[in-house]
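Residues in the sequence shown are numbered from 9 upward in steps of one, following our numbering. No residue lacks a Cβ here, since even glycine has one placed at the ideal position from N, Cα and C. A quick write-up on the structure given underneath.
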Amino acid sequence: AEEEEETSPELNLYKVYDFALTAPLDEIRFILDTARLNKAAAEQAFKGNYGHSLGKMLRGTYEHKVMGDSVFSHILSYTSAACDARMAGAMIPVMSNSGSGNQGISATLPVVVFAEENGKTEEELIRALMLSHLTVIYIKQSLGRLSALCGCVVAATGSSCGITWLM
């Protein structure tokens, strides 16, 4: 294991950023599967009653008066709806990140919703999603196997990087 660590290339955030922005699109287009699967999970959750139905509730008329009808409230509703369905045991596939479905959802849907609501191109979405997911993986590998830090905090950091790049 020590030998492996010594010979593995050093990963840093600059390399993650550079790869996400310069990799050939054909090689990273697969990341759109995360958008398709995780968004479909949220949309299915809006139709049913899964878990606490937080995502569905946030889309309601009453809640728009409290939370507003903005990209921020839409990010919250989509992300929480997909997590509601997943945690309630719905037979809906989601794309994970670092072995966690909720982290995959949290690294994906905020970026997707922001990109869609701001008229971003498919290429911009692909690169922002790649930046988000690779940032999460980079942070997770830096934390080690056991951490007191909740994984969704890490996923939110990744999606924040993707959204910030889209701005």
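Query	Result
Measuring only the C-alpha atoms, how far is F122 from Q149?	27 Å
Take D92 and list the residues in its own chain whose beta-carbon comes closer than 7 Å to its own, dropping the five residues that flank it on each side.	A53, Y58, G59, H60, S61, L62 and G63
Taking a contact to mean a Cβ-Cβ separation below 8 Å, would you say A163 touches N105 in this structure?	yes
If you drop the 5 nearest sequence neighbours on each side, which residues of the same chain put their C-beta closer than 8 Å to that of S88?	L62, G63 and L66
Taking the CB atoms as reference points, tell me whether G170 and A136 lie closer together than 8 Å.	yes
Express the C-alpha separation of S108 and R94 in angstroms, rounding to a whole number.	11 Å
For the alpha helix (DSSP H) holding I39, just list the boundary residues, first then last.	Careful: I39 lies outside any alpha helix (DSSP H) and carries neither H nor E.
Following the continuous alpha helix (DSSP H) through G166, name the residue where it begins and the one where it ends.	G159 to L174
For I145 and V74, I'd like the C-alpha separation in whole angstroms.	35 Å
Going by DSSP, what residue range makes up the alpha helix (DSSP H) through T87?	V79 to M95
Take the Cβ of A156 as the centre, count every other Cβ of all protein chains shown within 10 Å, and call the residue buried at 16 or more, exposed below.	exposed
List, from N- to C-terminal side, the alpha helix (DSSP H) runs of 4 residues or more that fit wholly inside the segment 116 to 163.	130 to 151
Report yes if the CB atom of V24 is closer than 8 Å to the CB atom of L142, and no otherwise.	yes
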